[in-house]
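Residues -20 to -1, 1 to 77 in mature numbering (1 follows the signal peptide of the UniProt record, and there is no 0) are what the sequence shown lists, from first letter to last.
What follows is a short report on a single structure.
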Amino acid sequence: MFSKQILPFALATLALQAQARPRCKSPPNGKAIYMISNEKDNAVLALPIGKDGLLAPGTATLTATGGTGMTGVDSKGQPAVPDALFSQSSVTIAGNV
């Protein structure tokens, strides 16, 4: 009889203790700006963004891609000169379509 009376009290106490414990927080994901170097030995450049929203100087990392930078062809199929719009995923149409 005594254990039947104390059981609800014990369960309520355990429930309160479980809720009172701090929850584990996962670390926040880091934020960065990514871009390509567009050089002969192409690489991805990552610049971390600090908690203040500014780019952290001197902390950039380069990851080689094994690529050869931006490459485009002109309307004759020849390698095109550097074009800023090409790397912006713009579409250029030459001739009649």
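We put the CB at the ideal spot given by N, CA and C, even for glycine.
This structure is a prediction, so every number in the text was calculated from the model and none was measured.
Just how far apart, CA to CA, sit G30 and Q58?
-> 43 Å
By Cβ distance, which residues of its chain are closer than 6 Å to K11, with the 5 residues on each side in sequence left out?
-> I29
Terminal residues of the continuous beta strand (DSSP E) containing T43?
-> T41 to A44
Measure how close the beta-carbons of T45 and A23 come, nearest whole angstrom, since I'm counting them as under 8 Å.
-> That pair is a contact at about 6 Å.
Between L35 and L27, which are expected to be in contact by the criterion C-beta below 8 Å, what is the C-beta distance as a whole number of angstroms?
-> 5 Å
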